[in-house]
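Worksheet for the structure shown next.
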Amino acid sequence: MDKRVLLAKPRGYCAGVDRAVVTVEKALEQYGAPVYVRKEIVHNKHVVETLSARGAIFVDETDQVPEGALVVFSAHGVSPAVHREAADRNLRTIDATCPLVTKVHNEARRFAREDYDILLIGHEGHEEVEGTQGEAPEHIQLVDTAEDVDKVAVRDPSKVVWLSQTTLSVDETMVRVRQLKERFPDLQEPPSDDICYATSNRQTAVKTMAPECDLVLVVGSKNSSNSVRLVEVALQAGARAAHLVDYAREVDEAWLEGVTTVGVTSGASVPDILVMDLLAHLAERGYGQVEEITTANEKIAFALPRELRKDMVR
């Protein structure tokens, strides 16, 4: 059988990532370097290195930003405490939080106002989770593992709601929700799906092609939650092997031994140039035939942050 590549579509940049990356690029054009960015603007090594080379300075916390300077908040969102710290230091801020993360923040605030116990399904230590927890720390409990489900303590079992990190595996999240419902039959759902359209679309595309693949290569960084999930989803859906790589050069030749069909996809924070590099790398090794597997067409786009729009030259 001929060697071939199945290329997942949709893959790569989602609207929130595109908006965040363009925000930093436009801020550099508009205000000049340096532009400070709290945390990685998106979880991708190549993007961070490229923006650093253009004059973006990535810091872990706002207190590393000189007083009065400009700081961009990453796509993953920040807690109200971070906004307060920035104001205390007279920082000019541009908030590049993905609107879908903002939606979860708004849900957290609303349910906290209504005095619900909020069970946030997500990964401990992830920036998005920290930002969401910060919206209502006294109301939110994090549920990461099955063990966490057993540890949850609520005040009123009839006033409990679950929310989730936007970049999780859809299937795994629903497993956690089912476990929570066994403990709390009255558990309420979020008003609309928290897992973002791009995360679920990329997982669906991988599930569709994985059963035909001897190997699935996911382009993405190790700290990118949605990229790591794509590897897991590929294996669960029947791929014989799956690996995460930042760059084509990281592909181990041994992975390709005896492989006829390679599936290729990329996480939501990955520029397509990295996927094209991988396809070229595979073509040199005999995988020149590429077939795109399309499961959705994404047409969503988000406006740039208003702080940037008001200063941009019309």
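Note that this note's numbering has the sequence shown beginning at 9, numbered continuously upward. Heads up, the beta-carbon is just placed ideally off N, CA and C, and yes, glycines get one too. All values reported here derive from a predicted model rather than from experimental measurement.
Of the listed residues the options, nearest to residue i (C-alpha basis)
{"i": "T153", "options": "E132, P199, N209", "result": "E132"}
{"i": "D18", "options": "H84, S277, I129", "result": "First, the residue type needs correcting, since residue 18 is Pro and not Asp in the sequence shown. Comparing Cα-Cα distances from P18 to each of H84, S277, I129, the minimum goes to S277."}
{"i": "T181", "options": "F192, P165, D201", "result": "D201"}
{"i": "V29", "options": "D164, F119, H84, S172", "result": "H84"}
{"i": "Y205", "options": "T31, T303, G40, N231", "result": "T303"}
{"i": "I301", "options": "A218, L150, P198, R257", "result": "A218"}
{"i": "K159", "options": "Q149, P165, S166", "result": "Q149"}
{"i": "A23", "options": "R317, M320, E315, N305", "result": "N305"}
{"i": "A249", "options": "N234, Y255, G271", "result": "G271"}
{"i": "E190", "options": "V157, T207, E261, N234", "result": "V157"}
{"i": "F310", "options": "D10, V25, L15, D179", "result": "V25"}
{"i": "Y295", "options": "T216, T269, R117, V183", "result": "T269"}
N-terminal and C-terminal residue of the beta strand (DSSP E) that residue i is part of
{"i": "Q297", "result": "297 to 302"}
{"i": "T101", "result": "100 to 103"}
{"i": "V79", "result": "78 to 81"}
As assigned by DSSP and simplified to three states, the class of residue i
{"i": "Y39", "result": "helix"}
{"i": "G24", "result": "helix"}
{"i": "V50", "result": "coil"}
{"i": "V67", "result": "strand"}
{"i": "V270", "result": "strand"}
{"i": "K17", "result": "strand"}
{"i": "R12", "result": "strand"}
{"i": "V45", "result": "strand"}
{"i": "K34", "result": "helix"}
{"i": "P199", "result": "coil"}
{"i": "S208", "result": "helix"}
{"i": "M320", "result": "coil"}
{"i": "S277", "result": "coil"}
{"i": "E328", "result": "Residue 328 lies beyond the residue range present for the chain, which begins at 9 and ends at 322; the question has no answer from this structure."}
{"i": "A288", "result": "helix"}
{"i": "Y107", "result": "The residue asked about is misnamed: residue 107 is Pro in this sequence, not Tyr. Helix."}
{"i": "A330", "result": "The chain is shown from 9 up to 322; residue 330 falls before or after that span and cannot be answered."}
{"i": "V283", "result": "helix"}
{"i": "V73", "result": "coil"}
Element boundaries [alpha helix (DSSP H), containing residue i]
{"i": "R92", "result": "88 to 96"}
{"i": "R293", "result": "Per DSSP, R293 belongs to no alpha helix (DSSP H) and is neither H nor E."}
{"i": "R317", "result": "314 to 317"}
List in chain order: all unbroken alpha helix (DSSP H) runs of 4+ residues lying wholly within the stretch 109 to 197. 135 to 141, 154 to 159, 178 to 191
Every unbroken beta strand (DSSP E) inside the stretch 213 to 264 [3 residues or more]: 223 to 227, 250 to 253
Three-pair Cβ contact test at 8 Å for the stretch 225 to 240 versus the stretch 260 to 280: Contact holds: three or more Cβ-Cβ distances are below 8 Å.
Is the stretch 83 to 90 touching the stretch 137 to 147 in the sense that three or more CB pairs, one from each, lie closer than 8 Å? yes
May I ask you to verify whether the stretch 49 to 60 touches the stretch 69 to 78, counting CB pairs closer than 8 Å and requiring at least 3? Contact between the stretch 49 to 60 and the stretch 69 to 78 is absent, because fewer than three Cβ pairs lie under 8 Å.
Using 8 Å as the cut-off, can you tell me whether the stretch 114 to 133 makes contact with the stretch 169 to 184, which would need three or more C-beta pairs spanning the two stretches below that distance? yes
For the structure I just gave you, are there three or more beta carbon pairs, one from the stretch 93 to 112 and one from the stretch 51 to 65, closer than 8 Å? no
Pairs of beta-carbons, one from the stretch 59 to 69 and one from the stretch 31 to 45, closer than 8 Å: are there three or more? Three or more Cβ pairs drawn from the stretch 59 to 69 and the stretch 31 to 45 lie within less than 8 Å of each other, which places the two stretches in contact.
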